[in-house]
Amino acid sequence: MNNNDLALCLEHAAAAREKVATATPQQVAAVLAAPRADVGSLAVLLSSAADGMLEAMAGRAQRLTRSHFGRTVALYAPLYLSNYCPGGCSYCGFAADRQQSRRRLEHAEIETELQAIHHLGLRDVLLLTGERCPEADFDYLALGVEIAARRFPAVGVEAFPMTEAEYARLVELGCISLTLYQETYDRARYDEVHRWGPKRDYAARLEAPECALRAGMRSVGIGALFGLADPVSEALALFQHALYLKRKYWKSGVMISFPRLCSEQGGFSAEYEIGDQWLAKVIWAFRLCLPDVPLVLSTRERPAFRDGMAGVGVSRMSVASRTSVGGYADGGAGGDDRQFSINDDRGIDEFCAMLHARGLQPVFKNWDAALRDGAAA
Ligand code: SF4
19 MNNNDLALCL
29 EHAAAAREKV
39 ATATPQQVAA
49 VLAAPRADVG
59 SLAVLLSSAA
69 DGMLEAMAGR
79 AQRLTRSHFG
89 RTVALYAPLY
99 LSNYCPGGCS
109 YCGFAADRQQ
119 SRRRLEHAEI
129 ETELQAIHHL
139 GLRDVLLLTG
149 ERCPEADFDY
159 LALGVEIAAR
169 RFPAVGVEAF
179 PMTEAEYARL
189 VELGCISLTL
199 YQETYDRARY
209 DEVHRWGPKR
219 DYAARLEAPE
229 CALRAGMRSV
239 GIGALFGLAD
249 PVSEALALFQ
259 HALYLKRKYW
269 KSGVMISFPR
279 LCSEQGGFSA
289 EYEIGDQWLA
299 KVIWAFRLCL
309 PDVPLVLSTR
319 ERPAFRDGMA
329 GVGVSRMSVA
339 SRTSVGGYAD
349 GGAGGDDRQF
359 SINDDRGIDE
369 FCAMLHARGL
379 QPVFKNWDAA
389 LRDGAAA
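Per the working numbering, numbering of the sequence shown is gapless, rising by one per residue and ending at 395.
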C-alpha cells in the first residue's frame, strides 16, 4: 500500500480489536454519555459489555440521527447497467464462472430504465457494473452517467476502480458520488475470496475512494461485506477508513453501508453468521461515533429490519430495487441474472407509507447542481 497514513489508520483498527474483549459496562456507560469519533469508543460500543445497554444505544442513535438529518430518510434506486464481469469473487452472482445469461443495457434501454425509476418519483440513481471489461468499460459507464445526469440531479456509480482522470471525467459528466466497498479489510481473506481478476488488487481498491475525492467527487460510499471475515475487525477497519477520508477530505462527504452476505448467493456460505441484533448494534455504534455521516441500508435486508433501523441510525435507503439488468422495465421479472436476492421487494408507496407511519419523511431529491454552482459563485 502506498498510502502510509491510511495504512496507519488500519493498524490502529487492529490494535483496537483487543479493547473489544476487555471493555467494561462502566466504559460503555461513559462512551454512551459522551461518544467520540475515535476507534477506541467504537471498540467499547462493539463489546459484549454493551449488550445490556442496547436500548440506550438505540435511543441515543435515534436522537443523533434526528439532530443531524431531521426526520428524513433519503431514498435512491440502484440501476444495473451490465452483468458482464471478468471477476472471480466467490460470493457474487455476477462472477465469471456463474452460469447465467449476460447482457448490458444499450442506450435506448438505459433511457427506458431511467424513465421507469424517474416515474417512481426518485431523483437519485446509482449506476452499477461489474469489473472493467470490453462490454462494460469506462466509455460505456461514462455514457450511462451522461444519459442519467440529463434526468437525475443525483447520479452515483458503483463499478470498478478508476484513474483520477477517469473519475474527474465522470464528475464533469454529472456524477456526484462513488460507492466502492472494500468487501473485506482482512488481507488474507481478501486474497482467498477474490479468486482472479482485477479486484485481486487490494491496494488499488482501498485507495480508489480517495482517488475519486481527489478528482472532485462530491462524496464516496464505503462498506464491508459483513460475513466474509471477523465482523468486529471489519467494523473497526471500516470506521478507520471512513474517519481517515472524512478528516482528510473534510469538504466532501463520506457515506457508510452495512451489507451482509446472503449465504445462498452463488452457492457461497458466509463464514460468520451476522445476526440482526449484532448488525443493529454496529449501526448504532457508528451513528454514535460518526453522528453526521449518512448511514445506508439496502433492500438486501428484510422489511422488519429496515423498518426498525429507518431513522434510528440509518438515514439513506434504497427502495423498489431491481438487481437484474433491465429489472425496472420488465417489472422485476428478471431471470437468473441477479447479483444478489433482494429481501425487501415492497413498492415505493408501501415503503413510504411505512416511513410516514413512523413519523419519518421520505426524501426523493436530496441534491441539485444549483447548490454546487451557487456555492461556487
Ligand atoms: S463482486 Fe463485482 S467484481 Fe466481483 S464478480 Fe461480482 S460484479 Fe464482478
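Cβ atoms here follow ideal geometry from the backbone N, Cα and C, with glycine treated the same way.
- The beta carbons of leucine 191 and glutamate 164 sit about 5 Å from each other, so the pair counts as a contact at 8 Å.
- Taking a cut-off of 6 Å from the heavy atoms of the ligand SF4, the residues with a C-beta inside it are Cys103, Gly105, Cys107, Cys110, Phe112, Ala113, Gly148, Glu149 and Lys217.
- A check of alpha carbon separations from glycine 377 across Leu146, Gly326, Ser342 and Gly148 identifies Gly326 as the nearest.
- Per the coordinates, the alpha-carbon of glycine 58 lies some 47 Å from the alpha-carbon of glutamate 129.
- From the listed residues Ala328, Tyr98 and Pro309, the smallest Cα separation to arginine 122 is found for Tyr98.
- Listed in chain order, the alpha helix (DSSP H) runs fully inside the region 271–333 are 294–307 and 321–327, counting runs of at least 4 residues.
- Unbroken alpha helix (DSSP H) runs of no fewer than 4 residues, entirely contained in the region 19–71, are found at 22–40, 43–51 and 57–64, following chain order.
- Under the 10 Å beta carbon count, histidine 125 is surrounded by fewer than 16 other beta carbons and is classified as exposed.
- In the three-state DSSP reduction, methionine 372 falls in the helix class (H, G or I).
- By the Cβ test, the region 318–337 is not in contact with the region 104–118, since fewer than three Cβ pairs between them sit closer than 8 Å.
- Secondary structure of cysteine 151 (DSSP, three-state): strand.
- The Cβ atoms of arginine 305 and leucine 82 sit closer than 8 Å to each other.
- Approximately 6 Å separates the beta-carbon atoms of isoleucine 274 and valine 311; this is inside 8 Å, confirming the contact.
- Note that the C-beta distance between leucine 198 and proline 179 is below 8 Å.
- Measuring C-alpha to C-alpha distances from phenylalanine 87 to each of Ala347, Asp362, Arg334 and Val250 identifies Arg334 as the nearest.
- In this structure leucine 308 does not touch alanine 61 by the C-beta definition: roughly 14 Å separates them, more than the 8 Å allowed.
- A Cβ-Cβ distance of about 6 Å is found for the pair glutamate 127 and glycine 344, placing them in contact under the 8 Å criterion.
- By the CB criterion at 8 Å, proline 380 and valine 173 fall outside the cutoff.
- Cβ neighbours of leucine 256 within its own chain (closer than 8 Å, five residues either side excluded): Gln200, Tyr203, Ile240, Gly241, Ala242 and Ile274.
- Each residue's CA atom was taken as its position, placing alanine 347 and alanine 134 some 6 Å apart.
- By the Cβ neighbour-count rule, glycine 285 is exposed, with fewer than 16 other Cβ atoms within 10 Å of its own.
- The Cβ atoms of leucine 279 and valine 238 lie no closer than 8 Å to each other.
- Contact check for alanine 41 and alanine 67: beta-carbon distance about 5 Å, within the 8 Å limit, so the pair qualifies.
- Glycine 139 is a Cβ neighbour of phenylalanine 382, given a cutoff of 8 Å.
- Relative to the Cα of threonine 147, the nearest Cα in the group Ala113, His136 and Glu36 belongs to Ala113.
- Secondary structure in the region 66–135: the alpha helix (DSSP H) runs of 4 residues or longer, each lying completely within the stretch, are 72–87 in chain order.
- Residue state for aspartate 157 is assigned as helix, using DSSP reduced to three classes.
- Straight-line spacing of the CA atoms in arginine 364 and phenylalanine 244 works out to 24 Å.
- If only complete runs of 4 or more residues are kept, the region 170–215 shows the alpha helix (DSSP H) at 182–191 and 205–211, in order along the chain.
- The beta carbons of leucine 50 and alanine 74 sit closer together than 8 Å.
- Only residues of its own chain outside the window of five on either side were considered, and among them Gly106 and Ser108 have a CB closer than 7 Å to the CB of arginine 213, listed in chain order.
- For valine 343, there is no enclosing alpha helix (DSSP H), as DSSP gives it neither H nor E.
- DSSP places valine 381 in the uninterrupted beta strand (DSSP E) bounded by 379–381.
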